[in-house]
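J.: Sharing a structure with you now.
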Amino acid sequence: MKLLFVAAGLGAALLASGAAQAQPLNFDQAAYITCKEAHAMNPEARKALAVYLAEHAARYRGVMVPDGPMGAQLAHLVRGGCTLAPDAYLFTVIDRAILAEQKSLPKRQ
């Protein structure tokens, strides 16, 4: 259910930003957005995209992305990764952050 709201939020945020034609609305396109391109998005669209990609990566890894301090820790890792490699794909940076913290993340039920 949460993912449905995130996907709807992503679409709404992209439409509100006026960049719907240039921005993806499905995973196949979202996976190839670089950190630099994400940084150019408005904050709401960028956050919705990051949450969407994080949920996808977490499902694949069999974990959940929690709210609170652990979620903030993942966000800091992603921010650092994107700062070091702005041409990297945002999905790759998020997936590697989840992989790095996988042992401390709650398992998916």
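According to mature numbering (1 follows the signal peptide of the UniProt record, and there is no 0), the stretch in the sequence shown is residues -22 to -1, 1 to 87, in order.
Don't be surprised by glycine CBs; every beta carbon is placed ideally from N, CA and C.
1) Can you name, in chain order, every residue of its own chain whose Cβ lies under 6 Å from the Cβ of Leu55, other than the five neighbours on each side?
2) Tell me, to the nearest whole angstrom, how far the beta carbon of Ala35 is from that of Phe69; I am working on the premise that it is less than 8 Å.
3) By alpha-carbon positions, which one of Val43, Lys85 and Pro84 ends up nearest to Tyr30?
4) So is Thr70 in contact with chain D if we call contact Cβ pairs under 9 Å?
5) Would you mind working out which of Ala9, Lys25 and Glu33 sits nearest Arg86, comparing C-alpha positions?
6) DSSP on Val41, reduced to helix/strand/coil?
7) When you compare each of Thr12, Ala8, Lys25 and Asp6 to Leu62 by their alpha carbons, which one comes out closest?
T.: Once the coordinates are examined:
1) Ala75
2) 7 Å
3) Val43
4) Judged by its chain identifiers, the structure shown contains no chain D, having just a single protein chain.
5) Glu33
6) strand
7) Thr12
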